[in-house]
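*Asks:* Residue numbers (this note's numbering), protein chains in the order written: chain A, 228 to 342; chain B, 325 to 440. Every residue, glycine too, gets a C-beta built ideally from N, C-alpha and C. Have a look at this one.
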């Protein structure tokens with residue numbers, strides 16, 4: 228069965244610190260997609276990244292970077308030099324190619340960045 | 325650029341009442357979805373519509389019905405609301421119409437629904 232685990236319920240950091248949000252997934256498929264979404268205090272969900280299972284290359288987008296390791300079934304998200312505006316709940320999600328309309332979400336990690 | 329629009333944003337119902345949550349997207353997406361978000365449980369798929377005229381059950385469909393009115397609109401109906409349906413409801417649509425693999429990437433702002 229598919230499952231996404233975000234073991235960190237809440238993380239607090241001080242501005243400018245680097246922070247890594249962990250995501251571990253379970254799937255029987257060899258082809259699948261992984262996602263990260265951000266949910267700021269205003270409540271909307273903001274798509275951050277989608278990565279397919281054949282692409283293990285790390286991705287960097289500004290202060291955000293993602294580390295995908297199939298060997299450990301992990302898709303971790305790092306924010307470099309965190310800012311107060313990064314405070315949000317971050318969700319990791321998984322979908323399998325043959326069940327493409329169903330996203331399995333983790334329970335989320337609440338990140339609080341203090342000035 | 326509105327994206328995905330949900331109405332209403334907030335609603336309070338009494339047990340047994342019915343209501344319809346509306347969702348519309350202006351991105352010409354083929355697929356649309358309804359999720360619910362409960363504390364500590366992430367988001368769970370209720371129903372989805374891969375294309376106009378089709379709907380399928382997701383992970384937690386009981387107590388809900390949906391209608392894909394046209395390509396833009398996908399509504400979620402609670403026929404007889406129960407306190408267990410108190411949640412935040414999100415509508416989403418996929419970004420790559422016409423491809424084999426459609427993934428929800430664009431979400432509405434959510435509807436906070438309380439059932440008393």
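Quick one: using the 10 Å Cβ neighbour count with 16 as the cut-off for buried, is residue 281/A buried or exposed?
*Replies:* Residue 281/A should be labelled exposed.
*Asks:* How about residue 315/A and residue 337/A: do their beta carbons lie closer than 9 angstroms?
*Replies:* It is a contact, given that the beta carbons lie within the stated cut-off.
*Asks:* With DSSP as the reference, label residue 350/B as helix, strand or coil.
*Replies:* Coil at residue 350/B, not helix or strand.
*Asks:* Please confirm if the segment 399-418 of chain B is in contact with the segment 343-350 of chain B, defined as three or more CB-CB distances below 8 angstroms between the two stretches.
*Replies:* The answer is yes - the segment 343-350 of chain B touches the segment 399-418 of chain B, with three or more Cβ pairs under 8 angstroms.
*Asks:* State the DSSP-derived secondary structure class of residue 409/B, mapped to helix, strand or coil.
*Replies:* In the structure shown, residue 409/B sits in a helix (DSSP, three-state: H, G or I).
*Asks:* Taking the C-alpha atoms as reference points, what is the distance between residue 308/A and residue 318/A?
*Replies:* Their Cα atoms are separated by approximately 20 angstroms.
*Asks:* Should residue 331/A go down as buried or exposed, given a rule of 16 or more other Cβ atoms within 10 Å for buried?
*Replies:* Its Cβ being crowded by 16 or more others within 10 Å, residue 331/A is buried.
*Asks:* Which residues in chain B have a C-beta closer than 7 angstroms to the C-beta of residue 334/A? List them in chain order.
*Replies:* Within chain B, the residues near residue 334/A are 364, 365 and 366.
*Asks:* Tell whether a beta-carbon distance below 9 angstroms holds between residue 249/A and residue 235/A.
*Replies:* Yes; because the gap between Cβ atoms is below 9 angstroms, this pair is in contact.
*Asks:* Quick check on DSSP: helix, strand or coil for residue 298/A?
*Replies:* The answer is helix: DSSP assigns residue 298/A an H, G or I state.
*Asks:* Tell me the DSSP bridge mates of residue 281/A?
*Replies:* According to DSSP, residue 281/A bridges with nothing at all.
*Asks:* Using CA atoms only, rank isn't needed, just tell me which of 304/A, 268/A, 274/A and 310/A is closest to residue 285/A.
*Replies:* Closest by alpha carbon: 304/A.
*Asks:* Residue 289/A: buried (16+ other C-beta within 10 angstroms of its C-beta) or exposed?
*Replies:* Answer is exposed; the Cβ neighbour count stays below 16.
*Asks:* Tell me the rounded alpha-carbon separation between residue 445/B and residue 326/B.
*Replies:* Here chain B has residues from 325 to 440 only, and residue 445/B is not among them.
*Asks:* Could you list the residues in the segment 262-276 of chain A with a C-beta less than 7 angstroms from some C-beta on chain B, going in chain order?
*Replies:* Answer in chain order: 270, 271, 272 and 274.
*Asks:* Could you check whether the segment 387-397 of chain B touches the segment 367-377 of chain B, counting it as contact only if at least three pairs of C-beta atoms, one from each stretch, sit closer than 8 angstroms?
*Replies:* The segment 387-397 of chain B is in contact with the segment 367-377 of chain B.
*Asks:* Can you give me the C-alpha to C-alpha distance between residue 335/A and residue 312/A, rounded to a whole angstrom?
*Replies:* One C-alpha to the other measures close to 17 angstroms.
*Asks:* Taking the beta carbon of residue 287/A as the centre, do at least 16 other beta carbons fall within 10 Å, making it buried, or is it exposed?
*Replies:* Residue 287/A should be labelled exposed.
*Asks:* Return no unless some Cβ of chain A is closer than 9 angstroms to the Cβ of residue 390/B.
*Replies:* Answer no: the Cβ-Cβ gap between residue 390/B and chain A never drops below 9 angstroms.
*Asks:* Show which residues of chain B have a CB atom less than 9 angstroms away from the CB atom of residue 318/A.
*Replies:* Under the 9 angstroms cutoff, chain B gives 366 and 367.
*Asks:* So who's on the other strand from residue 437/B, going by DSSP bridges?
*Replies:* For residue 437/B, which the question treats as bridged, DSSP gives the partners 335/B and 411/B.
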